[in-house]
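**Q** Take this structure first; my questions come after.
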Amino acid sequence: MSYKFGKLAINKSELCLANVLQAGQSFRWIWDEKLNQYSTTMKIGQQEKYSVVILRQDEENEILEFVAVGDCGNQDALKTHLMKYFRLDVSLKHLFDNVWIPSDKAFAKLSPQGIRILAQEPWETLISFICSSNNNISRITRMCNSLCSNFGNLITTIDGVAYHSFPTSEELTSRATEAKLRELGFGYRAKYIIETARKLVKDKAEANITSDTTYLQSICKDAQYEDVREHLMSYNGVGPKVADCVCLMGLHMDGIVPVDVHVSRIAKRDYQISANKNHLKELRTKYNALPISRKKINPELDHIRLMLFKKWGSYAGWAQGVLFSKEIGGTSGSTTTGAIKKRKWDMIKETEAIVTKQMKLKVELSDLHIKEAKID
DNA sequence: CAGGTC
DNA sequence: CCTGG
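The first sequence maps to residues 9 to 384 in our numbering.
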């Protein structure tokens, strides 16, 4: 079967599919080794229905090709959606040259490798990262796909591969149980997923909102980052690390650095970040007013987050993405055969990043406009 | 132990 | 604590 692909000019140093789709941000892109393309299901634009989307980067590495299966009449909508999903309004070259290299020597010997932060669907991001706790990427990938195939809706089957939607909070509450999830190998996270889905259904009803996406976006409205994180941590299985992942990748709070063991190691080893008694006391006082934060936040890790924000600025989360990729190197993703394979780290030759027309034409983000959360 | 949370 | 590499 062949499709009519749309095209988007984008240099590989600005976007490298292998480096962003299989590096632990998203867990549901399927890589077809033979066709050298990626596919998944996603909601396009403001729609609630899921479509199968196929992506590939051509040999010259300067064109991103895309198609939504069975939706060929609406190529522009997909193009607009992908520009938001990949955040093509943000130039990595600009961040390297004008922000990170001048302020951080570690970036001087690095170059943009097409590693960027995605704007993912927040509900899927929340559940995916609940699954990520104390876990490895290949199992997280299996779990996310298991949620879709067991509790999502069948969208279509292509070349023998069945594509499902990511289940909504209602679908999870009505179709899944903790016992069933345990059988499927979710371990102790089974309870977190069920309870989070239930609470989201309840929260949405109280807010009179039907869409998971819209609801989670609505908690950012007129809210500071600290309040958004407090709200996210009201869900079971969501601590500061998971909440920050949702803020960064699901709610596009670009300055948020999720602090895990790796980032913590980088911070101490390469940046000599360490909190003194005053710092920690200040943070404890600050979170005293927020009952859940007070309970869940580790002041020492939160201090690292703040110091890295100070170091890297309003796109600190993106800087973390770059360094993190370097730290853990290649990782695994799923393929059409279901096998989890080691991924080759996709290095880019040192070419001058070309700011494409699409980059200059800043994407209209009107329907995504969420009041920028203030970060200190 | 694995990109934490209870 | 679940599970698996």
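Note that the Cβ used here is the ideal one computed from N, Cα and C, for glycine as well.
1) Count the C-beta pairs between the region 114 to 127 and the region 207 to 216 that are closer than 8 Å, then say yes if the count reaches three, no if not.
2) Ignore the nearest five residues each way along the sequence and tell me which others in residue 252's own chain have a CB closer than 6 Å to its CB.
3) State yes or no: is the C-beta of residue 107 within less than 8 Å of the C-beta of residue 279?
4) Helix, strand or coil, according to DSSP, for residue 172 in the structure here?
5) Can you name, in chain order, every residue of its own chain whose Cβ lies under 7 Å from the Cβ of residue 161, other than the five neighbours on each side?
6) Helix or strand or just coil, what does DSSP make of residue 63?
7) By the three-class DSSP mapping on this structure, what secondary structure does residue 181 have?
8) Could you check what DSSP says for residue 99 in three-state terms: helix, strand or coil?
9) If we count the other Cβ atoms within 10 Å of its Cβ and call it buried at 16 or more, is residue 32 buried or exposed?
10) May I have the straight-line CA-CA distance separating residue 297 from residue 78, to the nearest angstrom?
11) Quick one: using the 10 Å Cβ neighbour count with 16 as the cut-off for buried, is residue 285 buried or exposed?
12) Please list the segments of the alpha helix (DSSP H) lying wholly inside the region 178 to 241, counting only runs of 4 or more residues, in order along the chain.
13) May I ask which residues mark the beginning and end of the alpha helix (DSSP H) holding residue 291?
14) Could you tell me the alpha carbon to alpha carbon distance between residue 327 and residue 178, rounded to whole angstroms?
15) Alpha carbon to alpha carbon, what distance is there between residue 288 and residue 47?
16) So, under 8 Å CB-CB, residue 60 and residue 85 are touching, yes? Tell me the CB distance rounded to an integer number of Å.
17) Output the boundary residues of the beta strand (DSSP E) element that contains residue 42.
18) For residue 281, collect the residues of the same chain with a Cβ closer than 7 Å to its Cβ; drop the 5 residues on either side in sequence, then sort them by chain order.
19) Is the beta carbon of residue 98 less than 8 Å from the beta carbon of residue 64?
20) Would you kindly work out how many angstroms separate the C-alpha atoms of residue 290 and residue 318, rounded to a whole number?
21) When the Cα atoms are used, what is the spatial distance from residue 105 to residue 122?
**A** If we stick to the structure as given:
1) no
2) The count along the first sequence starts at 1 and reaches residue 252 at position 244. Hits under 6 Å: 264 and 266.
3) By 1-based counting over the first sequence, the position of residue 107 is 99. By 1-based counting over the first sequence, the position of residue 279 is 271. No. Outside cutoff.
4) Counting from one through the first sequence, the residue named residue 172 turns up at place 164. It is a strand residue.
5) Walking along the first sequence from the start, residue 161 turns up at place 153. Counting only Cβ-Cβ distances below 7 Å, and skipping sequence neighbours, we find 172 and 173.
6) For the purposes of this step, residue 63 is taken as the residue at position 55 of the first sequence. The answer is strand: DSSP assigns residue 63 an E or B state.
7) In the first sequence, residue 181 corresponds to position 173, counting from 1. Helix, per DSSP.
8) Mapped onto the first sequence, residue 99 falls at position 91. Coil.
9) To locate residue 32, count along the first sequence from 1; it is residue 24. Buried, since its Cβ has 16 or more Cβ neighbours within 10 Å.
10) Within the first sequence, residue 297 is the residue found at index 289, counting from 1. Within the first sequence, residue 78 is the residue found at index 70, counting from 1. The alpha-carbon atoms of residue 297 and residue 78 are separated by roughly 51 Å.
11) Taking the first sequence and counting its residues from 1, one reaches residue 285 at position 277. Exposed is the call here.
12) 186 to 191, 197 to 215, 220 to 226 and 233 to 240
13) Taking the first residue of the first sequence as position 1, residue 291 is located at position 283. From DSSP, the alpha helix (DSSP H) with residue 291 extends over 285 to 295.
14) Taking the first sequence and counting its residues from 1, one reaches residue 327 at position 319. Taking the first sequence and counting its residues from 1, one reaches residue 178 at position 170. Taking the straight line joining both Cα atoms gives about 36 Å.
15) One-based indexing of the first sequence puts residue 47 at position 39. One-based indexing of the first sequence puts residue 288 at position 280. Each residue's alpha carbon lies about 45 Å from the other.
16) As a first step, residue 60 is located in the first sequence; it is residue number 52 there, counting from the start. As a first step, residue 85 is located in the first sequence; it is residue number 77 there, counting from the start. About 15 Å; that fails the 8 Å criterion.
17) As a position in the first sequence, residue 42 is number 34, starting the count at 1. Run containing residue 42: none; DSSP gives neither H nor E here.
18) On the first sequence, residue 281 is found 273 positions in, with the first residue counted as 1. The answer, listed in chain order, is 275, 312 and 315.
19) Here the question's residue 98 lines up with position 90 in the first sequence. Here the question's residue 64 lines up with position 56 in the first sequence. The answer is no: Cβ separation not under 8 Å.
20) In the first sequence, residue 290 corresponds to position 282, counting from 1. In the first sequence, residue 318 corresponds to position 310, counting from 1. Rounded to the nearest angstrom, the two C-alpha atoms are 16 Å apart.
21) As a working note, residue 105 is residue 97 in the first sequence. As a working note, residue 122 is residue 114 in the first sequence. Looking at the two C-alpha atoms, the distance is approximately 15 Å.
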